[in-house]
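*Asks:* Shown below is the structure under consideration.
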Amino acid sequence: MLLTVLGCAGSVPSPTSPASGYLVTTGRTRIALDLGNGTLGPLTGHVDPFELDAVLLSHLHVDHCADLAALVVALRHQPRRPRPARRLPVHAPRGAARRLAGLYAAEPGSAATTDLTDVLDFHDLEDLTATPAVIGDLEVSAFPVPHSCPAFGFRVRHGDRVLAYTGDTGGGPTVRRLAEHADLLLAEATWPHRQGAPPGLHLSGRQAGELARRAGARRLLVTHVAPWEDASEVAAEASLAFGGPTELAEPGARHEV
Ligand SMILES: [Zn+2]
Ligand SMILES: [Zn+2]
Numbered sequence: 001m002l003l004t005v006l007g008c009a010g011s012v013p014s015p016t017s018p019a020s021g022y023l024v025t026t027g028r029t030r031i032a033l034d035l036g037n038g039t040l041g042p043l044t045g046h047v048d049p050f051e052l053d054a055v056l057l058s059h060l061h062v063d064h065c066a067d068l069a070a071l072v073v074a075l076r077h078q079p080r081r082p083r084p085a086r087r088l089p090v091h092a093p094r095g096a097a098r099r100l101a102g103l104y105a106a107e108p109g110s111a112a113t114t115d116l117t118d119v120l121d122f123h124d125l126e127d128l129t130a131t132p133a134v135i136g137d138l139e140v141s142a143f144p145v146p147h148s149c150p151a152f153g154f155r156v157r158h159g160d161r162v163l164a165y166t167g168d169t170g171g172g173p174t175v176r177r178l179a180e181h182a183d184l185l186l187a188e189a190t191w192p193h194r195q196g197a198p199p200g201l202h203l204s205g206r207q208a209g210e211l212a213r214r215a216g217a218r219r220l221l222v223t224h225v226a227p228w229e230d231a232s233e234v235a236a237e238a239s240l241a242f243g244g245p246t247e248l249a250e251p252g253a254r255h256e257v
């Protein structure tokens, strides 16, 4: 299983990276985990969006979902491409169809701007820890995680390999279970550790490292550092707290899991 970082800037795009978005591929299957601002362009450099098997959105903050609206434009309006017979499955928190139609619409009123279901097939994300969703040759479990809105992390299994993605979260026992013995833990770390950070919203670099250590993850990939923070400081404290192989996500980087 191959993880490609489409964008990894935390909370907003940065001068050098789109916001959050990741492509996970096997020989058979192509899924996107989040499609934040600016991620559709890089995505099309790696896969034909008409050939995506599914999109999974961790939550509905725009830095994780904005380019789904751009994807609808691509699916609807590319000349010389027949509309695919199959609608693209989108697994997202409840309310996503209405929320994303609002993001897409230039003006309210017409069905074309208020309803995206001609090209997208929305599925409400629920707790999939007991029964993972099967997408091609991938098994995806969704873990509800604490954040400032309904949010999920994803545990993606291909054979005996596991990729765990925290999405945005302030951490907690569910996040620990999500990360348990992952071959690669893609963990958010929005800021360096400091007093006064709002609780329950995001992880610091140190907290992401502690998560990786306690969960027994094999490798840690730190992502979602806010552009106004010092990414090398965040990565250094994550590495120190983990004590295992730690890298900072970079746009365009590919990681074999
Ligand atoms: Zn975010
Ligand atoms: Zn968020």
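For the sequence shown, the UniProt record's numbering gives the first residue as 1, with consecutive numbering after it.
Backbone N, C-alpha and C fix where the C-beta goes; we use that ideal spot for every residue, glycine too.
1. Applying the 10 Å Cβ sphere with the 16-neighbour rule, what's the burial state of Thr-131?
2. So Leu-211 packs on Gly-171, CB below 8 Å; how close in whole Å?
3. Please determine if the segment 201 to 215 and the segment 23 to 36 are in contact, where contact requires at least 3 C-beta pairs separated by less than 8 Å.
4. Between which two residues does the beta strand (DSSP E) harbouring Asp-121 extend?
5. Does the distance between the C-beta of Ser-148 and the nearest non-hydrogen atom of ligand 2 fall short of 8 Å?
6. First and last residue of the beta strand (DSSP E) that includes Asp-34?
7. Does the beta-carbon of Ala-85 have 16 or more other beta-carbons within 10 angstroms, so that it is buried, or is it exposed?
8. Is any heavy atom in ligand 1 found nearer than 8 Å to the beta carbon of Asp-168?
9. For the segment 134 to 150 against the segment 55 to 74, are there 3 or more C-beta pairs whose distance is under 8 Å?
10. Rounding to the nearest angstrom, what Cα-Cα distance links Arg-83 and Trp-191 in this structure?
11. Cα separation between Ala-97 and Ala-189?
12. Can you tell me whether Gly-45 is buried or exposed, with buried defined as 16 or more other CB within 10 angstroms of its CB?
13. Output the distance between the C-alpha atoms of Pro-13 and Ser-20, rounded to the nearest integer angstrom.
14. Using the beta-carbon count (16 or more within 10 Å), is Glu-107 buried or exposed?
15. From what residue to what residue does the alpha helix (DSSP H) around Glu-233 run?
16. Enumerated in chain order, which unbroken segments of the beta strand (DSSP E) with a length of 3 residues or greater are wholly contained in the segment 45 to 84?
17. Between Cys-8, Val-24, Arg-176, Arg-94, which has its C-alpha nearest Asp-53's C-alpha?
18. Closer than 8 Å is the cut-off here; do at least three beta carbon pairs connect the segment 176 to 184 with the segment 65 to 81?
19. Output the boundary residues of the beta strand (DSSP E) element that contains Ala-212.
20. Pull the bridge partners of Gly-7 from the DSSP assignment, please.
21. Grab the span of the beta strand (DSSP E) containing Pro-89 for me, first residue to last.
*Replies:* Inspection of the coordinates gives the following:
1. The residue in question, Thr-131, is exposed, as its Cβ has fewer than 16 Cβ neighbours within 10 Å.
2. Approximately 6 Å separates the beta-carbon atoms of Leu-211 and Gly-171; this is inside 8 Å, confirming the contact.
3. Here the segment 201 to 215 makes no contact with the segment 23 to 36; the two share fewer than three CB pairs at distances below 8 Å.
4. 120 to 124 is the span of the beta strand (DSSP E), which, as asked, contains Asp-121.
5. Relative to ligand 2, Ser-148 has its C-beta within less than 8 Å of a heavy atom.
6. Segment 30 to 35, the beta strand (DSSP E) holding Asp-34.
7. Ala-85 is exposed by the Cβ-count criterion.
8. Checking every heavy atom of ligand 1 against the Cβ of Asp-168, one is found closer than 8 Å.
9. Contact between the segment 134 to 150 and the segment 55 to 74 is present, because at least three Cβ pairs lie under 8 Å.
10. Cα-Cα distance, rounded: 42 Å.
11. Computed Cα separation, rounded: 28 Å.
12. The residue is exposed, with fewer than 16 neighbouring Cβ atoms inside 10 Å.
13. Rounded to whole angstroms, Pro-13 to Ser-20 spans 8 Å at the Cα level.
14. By the neighbour-count rule (16 or more Cβ atoms within 10 Å), Glu-107 is not buried but exposed.
15. Counting along the chain, the alpha helix (DSSP H) containing Glu-233 begins and ends at 231 to 242.
16. Within the segment 45 to 84, the beta strand (DSSP E) runs of at least 3 residues that lie entirely inside it are, in chain order, 54 to 56.
17. Ranked by Cα distance from Asp-53, the options Cys-8, Val-24, Arg-176, Arg-94 are led by Val-24.
18. No, the segment 176 to 184 is not in contact with the segment 65 to 81.
19. Boundaries for Ala-212: no beta strand (DSSP E) harbours it, while the alpha helix (DSSP H) harbouring it runs 205 to 215, taken from the DSSP string.
20. Partner(s): Gly-21.
21. Its beta strand (DSSP E) spans residues 88 to 92.
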